[in-house]
Amino acid sequence: MDFLTPVVDGFGVVLQPTNLLYCLIGVVIGMLIGVLPGLGPAATIAILLPITYGVEPVSAIIMLAGIFYGAQYGGTITSVLLRLPGEASSVVTVFDGFALAKQGRAGTALGVAAIGSFIGGTVSIIGLTLLAPVVADVALDFGPPEYAALSLFGVLLVATVGNGGRLKSVIAAGLGLLLATIGRDTFTGASRFTFDSLNLADGIDFVPIAMGLFGLGEILYNLEERHHKVQAPAKVANVWPSRQDLRESRGAIGRGSVIGFILGVLPGGGATLSSLVAYAVEKRRAKQPSRFGRGAIEGVAAPETANNAAATSSFIPLLTLGIPANATMALMFGALLIQGIPPGPQLVSEHPDLFWGVVNSMYIGNILLLIMSIPMVGLFVKILRVRPAILAPITVLITLLGVYTVANRVFDVFLVIAFGVVGYLMKKSGFEPGPLVLAFVLGSVMEKAVRQSLLIFGGDVSGFFTRPISGTVLAALVVVLALPGVRYVVRKQAQSRSREKELV
Amino acid sequence: MSDVFDEEALRAELAEDRPPHAGPWSQLGAAVVTGAIGAAGLLGSLGLGLGQLTAPGPGLWPFVVSVVITTLSMVLALTGRHGTDTERFSRASVTTAVAVLTLVLLGVALPLIGFEIPSLLLTFVWLRFLGKESWRSSIVISVGTVVAFYVLFVLLLQIPLPRLI
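Right, here's the structure in full:
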């Protein structure tokens, strides 16, 4: 049981009072921003990046992780009570969650969602504990061609699976890669696209880009009046689900955990996609699919379990390969770099305290969230009364003053404003900022890997395809990219066939 | 999986919150902007020198990326005209423009007169004029926010923010 020693040591790290405190702060912030529609976990983590500079690496990542999975719990509350998804990953919960709330069973929905989230999260952490060291071990043998293929896979998959148009997302990813080339070329020392500006000589820092595109961009976008039909929160009574509710949702929670875990690991999967898939699976399996949308408890249990499981398992590619699976993980990547810890396969062996500390903190965080979601749910419902107009200027100040404190440079403040405007314009014109930030993070890794591979192959590009692992990854990428086209053709054929039948 | 649940209903529901889409010209405009960035990247990387595949120059990678951006932007310009994912600018967009202006002013004033007065003005303007809060709550919240920031940043964390006091 040698491999258990670092796992157990990890608990020692989490149980230090400061780390427990940061875990608590993280999950409370996560829960809050999950409840408040508007600011998502990615924006919040981006805005809080400057704060992590002064914090121990383990504590900082524990807190940021808590924000991420805490938001999955919080997002449920607004979906159920207000019919307003607090997070993208809680959108499908709206259907049955709100229907249940109208029947006076809001408490049941919230209770089942919280229990499902807890189980999904815990299953996923156990999976992470078992799987991550194995993956990391395999990945230690990866060379530059494998990394080139993997990072390309990551960037393109996030761009194509994410919301927003595929074409625009890939363009956004391209812009991110281009932005990453600004500054000094590490191979030749040449200055690229710096326009002789000293401020750009070392490239653009990740923090102002993330804070601008995710944080400020989102605030500016939300400033424009949205005509939400604001509904009075439904009364929450009896949060403890009955034994029958639990029995009915047992299967959904089980399947949701597995779906969430698997989809979370895949690049581009993540919480949103897995909640959609889990809902669809339950509806397809149900004996009476018509119950869905009218208050089926499985319709709440499955997506809420899956999104939490996915939020947890999406840490696997980041912590073992150094490839972020979604935009929020790209921020974690940035946060680790700020701490001087490059994420990758050597993380488990070289920084076991950080790795196991963060992983094990998720058990504690999920327990804290379960406590907050069931007995304290009334408190969080009250927060819904805080108006967005009051929060906006406070978050803006945190952003601008926060980025100034990173390097005491006013240039960074203007950089955040500029990227905030870019983020706003991107959202207005249908581009998602997520792929851009992710590509920016992976940009330098990718370029380095590609150029080193070219040197290894002696300029022969086909080398990427003949090496077993990079070849497999690239083949998988081609399959995934071709899939929508194939599906389109198949559907067209099926349509024309059915039309022929009608004619006959 | 998307065809299994009633995605249409949800789309319609969420679309109520969004302003009307902006039509083909905005799509074309977006494609022109990204295409121009791609073209600028192309020229810039050619200037840096591509080198050879055996010995890649500093411009090779940005060149490849720029080719992708430019090509896809052209595809977008040709095929994306009927997309509905853009949003029209409305009178509410003026709010955003004013907001950006206040941010720039804060950035200019920060090194000159410290963070207290600009922060106070910014929160007040956002609350009273952009957020349509009452005079009283605007004053109370903006003063409270700046005091809280002063206590947190200056007194507790001792972060060297430029300041008046």
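Listed in order, the protein sequences are those of chains F and E.
Note that my numbering numbers the first sequence so that position 132 is 132, with each residue one more than the last.
Note that my numbering numbers the second sequence so that position 79 is 79, with each residue one more than the last.
All C-beta atoms in this analysis are idealised placements derived from N, C-alpha and C, irrespective of residue type, glycine included.
Compare the C-beta of V421/F with all C-beta atoms of chain E and state if any pair is closer than 7 Å. yes
Does P24/E have its Cβ less than 7 Å from a Cβ in chain F? no
Check whether the segment 387-405 of chain F and the segment 122-136 of chain E are in contact - that is, three or more C-beta pairs closer than 8 Å. yes
List the residues of chain F whose Cβ lies closer than 9 Å to the Cβ of E133/E, in chain order. R387, A389, I390
List, in order along the chain, the chain F residues whose C-beta lies closer than 8 Å to that of F52/E? For clarity, residue 52/E is Gln in the given sequence; the question names Phe instead. The answer, in chain order, is G459.
Under a three-way DSSP split, which group does P56/E fall into? strand
By the criterion of Cβ-Cβ separation under 8 Å, what are the contact partners of D205/F in chain E? Result: empty, since nearest Cβ-Cβ is about 16 Å, beyond 8 Å.
Starting from the C-beta of F261/F, find all residues in its chain whose C-beta is less than 6 Å away, skip the five residues before and the five after it, and write them out in chain order. S124, G127, A309, S313
Mapping DSSP to helix, strand and coil, what is R294/F? coil
Over the uninterrupted alpha helix (DSSP H) stretch that includes E116/E, give me the two end residues. 116-125
Secondary structure at S197/F, three-state DSSP: helix, strand or coil? coil
When DSSP labels each residue in this structure, what does R184/F get in the three-state scheme? strand
is_contact[A190/F, chain E] using C-beta, thresh 7 Å: yes
Residue-chain proximity (G44/E, chain F), Cβ-Cβ < 7 Å: yes
Rounded C-alpha distance that separates V277/F from F380/F: 28 Å
Close Cβ partners of S119/E (< 6 Å) along its chain, the five nearest in sequence each way excluded: V146
List, in chain order, every chain F residue whose beta-carbon is nearer than 8 Å to that of F153/E. L401, T405
Got a sec: which bits of the segment 115-133 of chain E sit with their beta carbon under 9 Å from any beta carbon on chain F, in order along the chain? F115, S119, L122, T123, F124, V125, W126, L127, L130, G131, K132, E133
Using a beta-carbon distance below 7 Å, is R467/F in contact with chain E? no
Nearest-angstrom Cβ-Cβ length linking L49/F and F115/E, presumed shorter than 8 Å: Not a contact, Cβ separation roughly 19 Å.
Confirm, please, whether the CB-CB distance from A301/F to V112/F is below 7 Å. yes
When the Cβ atoms of the segment 206-224 of chain F are set against those of the segment 409-417 of chain F, are three or more pairs found closer than 8 Å? yes
With which residues is R192/F paired in a DSSP beta bridge? G183/F
Residues within the segment 63-76 of chain E neighbouring chain F, beta-carbon criterion of under 7 Å: V65, S66, V68, I69, L72, S73, V75, L76
List, in order along the chain, the chain E residues whose C-beta lies closer than 9 Å to that of L198/F? Ordered by position in chain E, no residue passes the 9 Å Cβ test against L198/F, which lies about 17 Å from the chain.
Who are the Cβ neighbours of T328/F in its own chain at under 7 Å, not counting the five residues just before and after it? P41, A42, I45, F68
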